[in-house]
Every structure is written in structure tokens, then in C-alpha cells.
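*Asks:* What the sequence shown shows, in our numbering, is residues 3 to 444, in sequence order.
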Amino acid sequence: MKNKNFYIENYGCQMNISDSNIITSILLKNGFFLSENLKKANIILLNACSIREKAELTLKKRLEQLKFLKKKKKICVGIIGCFSKQIKNFLLQEKMADFFVNPDSYREIPNFIYYSTIGKQYFHVAKKNETYADISSIQNNKKITTFLSITIGCNNMCTFCIVPFTRGRERSRDPYSIIKECKRLYKNGYKEITLLGQNVDSYLWIDTIQNKKNIVNFSKFLDLLAKEIPYMRIRFSTSNPHDMSNQVLKVISKHKNICKHIHLPVQSGSNKILKLMNRKYTREKYLFLVKQIRNIIPECSISHDIITGFCNENERDHQDTISLMNEIKYNYGYMFSYSPRPGTYAYRKLKDDVPKDIKKRRLKEIIDLQIKHSFYRMQEHLGNIEEVLIEGESKKNNQYWYGRNTQNLIVVFPKKSLNIGDLAHVEIIDMTSATLIGKLCK
Ligand code: 5AD
Ligand code: SF4
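(1) Pull up the distance between the alpha-carbon of S376 and that of N297, whole angstroms please.
(2) My output table needs one value for P416: the three-state DSSP class, helix, strand or coil.
(3) Can you give the Cα-Cα distance for E194 and F290, rounded to whole angstroms?
(4) Suppose only complete runs of 3+ residues qualify. What are the beta strand (DSSP E) ranges in the stretch 201-249, listed by chain order?
(5) Taking Cβ positions only, does T346 come closer than 8 Å to chain C?
(6) How far does the beta strand (DSSP E) with K441 in it extend, from its first residue to its last?
(7) Ends of the beta strand (DSSP E) at V79?
(8) According to the Cβ coordinates, are T310 and R343 closer than 8 Å?
(9) Below 8 Å CB to CB, which residues in the same chain sit around Y13 once its five sequence neighbours on both sides are set aside?
(10) Quick one: what does DSSP say S174 is sitting in, helix, strand or coil?
(11) Which partner residues of Q269 appear in the DSSP bridge assignment?
(12) Measure the CB-CB distance between N259 and I295 and report whether it falls below 8 Å.
(13) For L365, does the three-state DSSP call read helix, strand or coil?
(14) Would you kindly work out how many angstroms separate the C-alpha atoms of K122 and K331, rounded to a whole number?
(15) List the endpoints of the continuous beta strand (DSSP E) containing N7.
(16) Can you tell me whether Q123 sits near ligand 1, meaning its C-beta is under 7 Å from at least one heavy atom of the ligand?
(17) How about V103 and F92: do their beta carbons lie closer than 8 Å?
(18) Across the stretch 356-370 and the stretch 315-325, are there enough close Cβ pairs to call them in contact, namely three or more that are closer than 8 Å?
Shown next, in the form of C-alpha cells:
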């Protein structure tokens with residue numbers, strides 16, 4: 003194989019970006035070269051996402067575009083990351099991709115590439131306990147913030163979700179390897195790390211080799227990490243309300259370098275729908291948890307994910323979601339209309355019975371409400387002096403810095419001095435529903 007240049011395109015969430023960094027490291031170690039330019043690469047890896055129907059459609063469209071290049075230049079196209087069985091079969095049938103590698107098997111990518119170039123198919127045995135603990139990920143950017151996966155997979159089996167099928171059972175990475183990796187990243191100029199997992203709060207590592215009594219859960223791990231990297235900001239995502247403990251909240255409040263923001267997907271405000279979703283908490287328990295968060299970490303921001311139009315959702319259920327949003331007034335959130343995912347319980351057993359136009363209308367209602375709440379929450383920052391990590395120039399005005407405060411809210415302010423990577427003290431003087439505007443304190 004003469005040309006060993008690879009190019010990776012990301013279609014999914016932060017976890018896919020973190021995975022791409024691991025894959026880059028594996029391929030570089032195996033004699034491949036990272037290409038910043040698709041045209042110069044002869045191996046194209048598409049890091050797929052299949053969490054919602056829209057993501058899969060985007061991937062299919064992209065593959066249609068690459069079909070021509072694939073024929074003309076004989077490039078090798080691999081699908082990696084989260085893809086469903088259905089999409090795999092479809093793409094194989096249409097001869098759109100040469101190979102598929104799921105998140106358990108990234109180490110096998112060099113073999114898959116090699117075999118595809120000699121026209122052979124290569125099969126492998128998936129490693130269900132893979133955590134890539136020994137791999138120092140290569141960051142393919144010049145940023146000062148980055149992501150690191152601490153758990154892979156999910157055991158929760160929410161009925162709408164394809165993740166347990168695409169990413170497998172949950173496993174946690176060795177805490178000491180994560181600490182080592184974070185220290186290395188800090189040395190390389192990174193100032194903020196976001197710890198990733200489908201459900202970080204269920205992180206659990208047992209030292210099966212040296213001391214079985216050494217059990218590290220998420221609160222213990224956060225506490226350890228925060229002490230080991232005192233000058234690095236720590237964020238984490240995502241928290242499942244079912245698994246979040248008071249100990250974790252206490253650790254967040256104890257350490258200045260752990261950012262005061264919790265992404266706490268609620269999915270629905272209706273107990274009936276939460277049960278159908280198999281979310282394992284009730285509206286009341288969720289509201290109690292929010293109360294605990296605000297008691298223990300008063301300055302904490304809270305964001306959400308909500309799905310509208312899930313199977314059986316009627317107008318009353320929708321109003322329950324609206325009233326829950328009104329009670330909490332989230333800082334921000336991500337809202338989706340339900341799309342059935344092949345293989346999931348909801349796809350097999352429940353009826354996708356909310357008409358498209360109703361899903362659309364309900365989605366618009368909650369998005370409009372969230373905009374109002376974001377505006378309300380942003381106002382609370384006016385007049386504050388806040389610590390902002392400078393991440394770069396504002397896209398709208400290069401005379402302004404762009405960064406985030408501890409609550410993960412975007413702050414822009416006139417440059418004057420300082421550099422990317424500095425912590426600035428900024429007085430908040432204005433705002434929109436999405437951005438805080440400030441001025442540098444002397
Ligand atoms: N349809 C719509 N939204 C979904 N999500 C997950 N699966 C689906 C689906 N089938 C949303 C959930 C989850 C976020 C990452 O994506 O809100 O928290
Ligand atoms: Fe999917 Fe539920 Fe696991 Fe999140 S917690 S990844 S929604 S199964």
C-alpha cells in the first residue's frame with residue numbers, strides 16, 4: 003500500500019471526537035499519516051452516529067457524495083463508531099463502504115484497511131472489555147479544551163436509545179490511566195478536560211489485579227482527579243438522574259477546578275412517559291435531585307435533553323414536560339422529536355403514534371420556552387465578576403475573546419490583553435439568551 007494517508011470525519015457527539023483521537027493514535031503508531039485534507043487521503047474514515055434518524059440520513063448523504071471519489075480514486079472508506087446493523091447491511095449492499103469497525107475494535111482498523119486494499123474481508127472478535135486505557139490519544143486540533151472517555155457503553159436500556167446496541171455494555175477505564183493522561187494533556191497545553199460517558203455517574207472501577215478492595219466510584223474518582231490536576235478545569239457529561247449521588251455533588255462543590263455545571267437529561271416531565279422510556283426515576287425524584295443540586299452547589303447551572311412525541315405521549319404528558327421546565331427553568335437544553343431506532347425496545351414493542359406535525363408543534367413549544375428560560379437565567383449573571391477560560395477569538399468580532407465560565411455559558415469580551423488559555427476575570431455587563439457579554443476587570 004503506497005499512500006497511507008487517512009482522513010477522519012466526525013458525525014456524532016463529543017464521544018466520537020474523543021474516539022477519533024484514539025483512532026488517530028492507533029493509526030499513527032501503525033505507520034499511517036494523518037491528512038488534514040480529504041483530497042490528499044486515500045483512506046476515509048467516517049465516525050458515524052445513529053442516535054437519531056437524522057444523523058443516519060446525514061451519513062448516507064455523505065456516502066452518496068463519496069461514491070464517485072471511491073470509484074474514481076479507489077479510496078478506501080471505513081465506517082467507525084455508532085452504526086446500527088440495519089445501516090451496516092444497507093451500506094454493504096450498496097457497496098458504499100469497505101469496512102465497519104465498532105467502538106470495541108478500533109485497534110483492528112489497520113488490519114481492516116490492509117485487507118480491504120487486497121480485496122479481502124476481515125472478521126474479528128469484539129473485545130467486550132476494551133477501554134483503550136493504554137492509548138494516549140492524539141489531539142488533532144490546536145485547542146485548549148479536550149474530551150476524554152472514562153466509560154464506554156451503557157447498561158441502562160432506555161427504550162428509545164440505540165447506544166447500548168452500538169456501544170455495548172458499560173465498562174470503566176482505569177482511573178490511574180485517566181489521571182496520567184490528563185497530566186500529559188495539561189503538559190501539552192490543555193487547560194480543560196471534559197470527561198465523557200453515556201452515564202458518567204455509574205463509573206465504577208475495581209482493581210482486579212492488585213487489590214480487590216480498591217474500588218473507585220465516580221465521586222471518589224472526581225475527588226482524586228481534581229486533586230491531581232489542580233490547575234486544569236474539569237467538566238463531565240452525561241449524568242443520568244438515576245445514578246447521580248449526593249457524594250458527587252459534594253465533591254463538585256469542594257473543588258474549585260470542577261466546573262459548576264450538570265447536564266441532566268430528563269427526557270420527559272410525565273411519569274407515564276418516563277416509565278415507558280424505562281428511565282428508572284420519576285418526575286418527583288428528578289425535581290428532588292435538582293433541589294439537592296441547588297442546595298449543595300447554589301451557583302450550578304443545569305441543562306437537559308428532552309424528547310417530544312415519544313410513543314403514547316398525549317397533550318397532558320406534553321403539558322407535564324412544560325410544567326417541569328417551568329419549575330426548573332434550565333440554563334439551556336437540547337430538544338429532539340422522537341425517531342424510532344431499529345432494534346430498540348420502543349421500535350419493537352411500542353407504537354410511534356404521535357403524528358409528525360404534532361411532534362413538530364410540541365418541539366417548537368418547548369424550544370420557545372427554553373429560549374425564554376435561558377434568557378431568564380442569563381440575566382442572573384449581570385453585574386457578576388466571573389472567571390472565563392479564553393478559548394479563542396469570537397467568530398462574530400475578532401476584537402473580542404470567546405470563552406466559557408464555570409457554568410459552561412459562553413462569554414465574549416473586548417480583548418485588550420491576555421491570550422488563549424488564560425483565565426480572565428470578566429464583569430458581565432450585557433447578554434442575549436445564548437451569550438454573556440462582558441468587560442475585562444483590571
Ligand atoms: N429519538 C430522539 N431523540 C433521541 N435521543 C436518544 N435517542 C433518541 C431517539 N430515538 C436523545 C436523548 C438523549 C440524546 C443524546 O439524544 O434525549 O439524551
Ligand atoms: Fe441511551 Fe439511556 Fe444509556 Fe443515555 S442512559 S445512552 S439515553 S440507554
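Every residue, glycine too, gets a C-beta built ideally from N, C-alpha and C.
*Replies:* The structure says:
(1) Looking up residue 376 in the sequence shown gives position 374. Looking up residue 297 in the sequence shown gives position 295. When rounded, the distance between both Cα atoms is 21 Å.
(2) Position 414 of the sequence shown, counted from the start, is the residue given in the question as residue 416. P416: strand per DSSP, three-state reduction.
(3) As a working note, residue 194 is residue 192 in the sequence shown. As a working note, residue 290 is residue 288 in the sequence shown. Cα to Cα, E194 sits roughly 30 Å from F290.
(4) 206-208, 217-219 and 235-239
(5) Checking the listed chains, one finds no chain C in this structure; it contains a single protein chain.
(6) Working through the sequence shown from its first residue, we reach residue 441 at position 439. Counting along the chain, the beta strand (DSSP E) containing K441 begins and ends at T437 to L442.
(7) Here residue 79 is taken as the residue at index 77 of the sequence shown, counted from 1. Element bounds for V79: C78 to G83.
(8) The count along the sequence shown starts at 1 and reaches residue 310 at position 308. The count along the sequence shown starts at 1 and reaches residue 343 at position 341. Cβ distance not < 8 Å, so T310 and R343 don't count as in contact.
(9) Within the sequence shown, residue 13 is the residue found at index 11, counting from 1. Only L48, N49, A50, C51, A57, T60, L61, R64 and G83 meet the Cβ criterion.
(10) Residue numbering aside, residue 174 sits at position 172 when the sequence shown is read from its first letter. Here S174 sits in strand by DSSP.
(11) By 1-based counting over the sequence shown, the position of residue 269 is 267. Here Q269 is bridged, per DSSP, to I308.
(12) Indexing the sequence shown from 1 puts residue 259 at position 257. Indexing the sequence shown from 1 puts residue 295 at position 293. Against a cut-off of 8 Å, the Cβ pair of I295 and N259 comes out as no contact.
(13) Position 363 of the sequence shown, counted from the first residue, corresponds to residue 365. Helix, per DSSP.
(14) Counting from one through the sequence shown, the residue named residue 122 turns up at place 120. Counting from one through the sequence shown, the residue named residue 331 turns up at place 329. Using only the alpha carbons, I get a separation of about 55 Å.
(15) Indexing the sequence shown from 1 puts residue 7 at position 5. It spans N7 to N12 - the beta strand (DSSP E) in which N7 sits, taken as one unbroken run.
(16) The residue you call residue 123 lines up with position 121 of the sequence shown. Not so, every heavy atom of ligand 1 lies at least 7 Å from the Cβ.
(17) Taking the sequence shown and counting its residues from 1, the one referred to as residue 103 is at position 101. Taking the sequence shown and counting its residues from 1, the one referred to as residue 92 is at position 90. Result no, Cβ atoms of V103 and F92 do not sit closer than 8 Å.
(18) The stretch 356-370 vs the stretch 315-325: in contact.
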